[in-house]
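Residue numbers (the numbering used here): 2 to 327.
Below: one structure, written as structure tokens.
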Amino acid sequence: RDVRCITSLDDEKESVPWFPRKISDLDTFAEKVLEMGEELSSDHPGAKDPVYRKRRLEIVQKAKQYRTGQPLPRIEYNEQERDTWRQVYTRLRAMYPHYACREFLHVFPLLEQNCGYGPDAIPQIEDISRFLKDCTGFTLRPVMGLLTPRDFLNSLAFRVFHSTQYIRHHSDPYYTPEPDCCHELLGHVPLFADPNFAELAQEIGLASLGASDEDIEKLATIFWFTAEFGLCREGTNGIRAYGAGLLSSFGELEYALTDAPDKRAFDPSQTAVQKYPITQFQPVYFVADSFKDATAKLREFNVTMRRPFQVRYNPYTQSVEVLDSR
Ligand code: HBI
Ligand code: FE
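Right, dumping it as structure tokens:
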């Protein structure tokens, strides 16, 4: 098979969706948020609170203005925000030893020692990003709200995770209809410090570059059932959680590990087409044997998705190399 480096996809017969080639290309996503961002939907608990809305606007403006290479915005959280954080943190922290996977439990104390994790203050993404970079090369970027699945997944190819910095409304500390800093910092961040999980996440990202809309939907579903709601098998501990949607929700974390939901073995070709509700607890979860095994299975699955080229991430230049594979 002839593999040569191509610099332009312009002459492709099939039109290939645009994708970022270098890490600063991710700057183009900053203003393209789907929901929330500067507006709140009418059913958001903070929608009728003008003080909350003004505060959100202040925080998301910083994300909107952020560009690659700049220091990440530091937010001075107020007492009400810290109080919401304390309630969420305290309740979840007590559950982790019984429900979270071993990789999460290994990293969490390191975040407490190095990144200011604790009940009293909301950690800053600049400090976390620096820590993650040392562990796996992952870095954080601030974001205004939900990105398109394509943009969100594409950034994972660069080992970049988009993190919101605002917090849910204080009227309902245990509920949020959207990602907020509790979800990102408690749910997602710890796993990005694990080399095997980082590889799994980047693999989803690389497969998403220039993928068809149909394949993006499959990869977003795989992301949902791994990074968001994934379970894993752990010898004598039985089944544990590694998905951020679980690790940031005390209600679903407990429910997911009961006998009520259906638990199936992670298998990308099945997982990719599984339907799921987004506003209720999941009726079905997928259980991975390990992150290494899940990554291997995902690589096999990715070759079944048709794409007229291959990609490779070059960490020295933080850019994507495109290889023609026909
Ligand atoms: N955007 N900021 C942000 N955070 C997410 O977790 C996120 C997103 N956009 C899309 C998305 N998640 C899901 O569609 C994933 O399944 C890809
Ligand atoms: Fe998430």
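Here a beta-carbon is modelled for each residue, glycine too, at the ideal position from N, C-alpha and C.
For clarity, every value in this text was computed on a predicted model and none was experimentally measured.
- Taking the Cβ atoms as the reference, ILE123 lies roughly 6 Å from ARG83, within the contact range of under 8 Å.
- The segment 252–259 makes no contact with the segment 303–319, as fewer than three CB pairs between them are under 8 Å.
- Taking the Cβ atoms as the reference, TYR167 lies roughly 5 Å from ILE60, within the contact range of under 8 Å.
- Secondary structure in the segment 220–256: the alpha helix (DSSP H) runs of 4 residues or longer, each lying completely within the stretch, are 245–248 in chain order.
- Within the same chain, LEU154 and ILE205 come within 7 Å of PHE224 by CB-CB distance, once the 5 residues on both sides are set aside.
- Around GLY211, the same chain offers VAL17, PRO18 and PHE20 as residues with beta carbons nearer than 6 Å, after the five sequence neighbours per side are excluded.
- Secondary-structure assignment with DSSP links THR140 through a beta bridge to VAL161.
- Fewer than three beta-carbon pairs drawn from the segment 189–197 and the segment 267–286 are found closer than 8 Å, and the two stretches are therefore not classed as touching.
- Around the beta carbon of GLU113, fewer than 16 other beta carbons sit within 10 angstroms, so the residue counts as exposed.
- Remark: the shortest separation between the CB of PRO180 and any heavy atom of the ligand FE falls under 7 Å.
- Scanning its chain for C-beta atoms nearer than 6 Å, with the 5 sequence neighbours on each side dropped, one finds around PHE30 the residues LEU148 and ASP152, in chain order.
- Residues of the same chain with a CB within less than 7 Å of the CB of GLU185, apart from the 5 flanking positions on each side, are SER164 and THR165 in chain order.
- A Cβ-Cβ contact shorter than 8 Å links PHE159 with TYR314.
- For SER320, DSSP records a beta bridge to LYS23 and ASN315.
- For the pair ALA202 and LEU157, the Cα-to-Cα distance works out to about 6 Å.
- In the three-state DSSP reduction, VAL17 falls in the coil class, being neither helix nor strand.
- Secondary structure at TYR286: strand, using DSSP grouped into helix, strand and coil.
- Within its own chain, the residues whose Cβ lies closer than 6 Å to the Cβ of GLY246, once the five positions on either side in sequence are excluded, are GLU229 and PHE230, listed in chain order.
- Excluding the 5 residues flanking it on each side, LEU41 has same chain C-beta neighbours closer than 8 Å at GLY47, ALA48, ARG54 and ARG57, in chain order.
- In this structure, the alpha-carbon of GLN125 lies about 32 Å from that of ASN238.
- With fewer than three CB-CB distances shorter than 8 Å, the segment 104–113 does not count as touching the segment 65–80.
- Straight across, the Cα-Cα distance linking THR296 with GLU200 is about 7 Å.
- In terms of Cα proximity to ASP260, the closest of PRO72, ILE240 and GLU77 is ILE240.
- Annotation: the segment 149–218 contains the following complete segments of the alpha helix (DSSP H) (minimum length 4 residues), in chain order: 150–157, 190–193 and 196–209.
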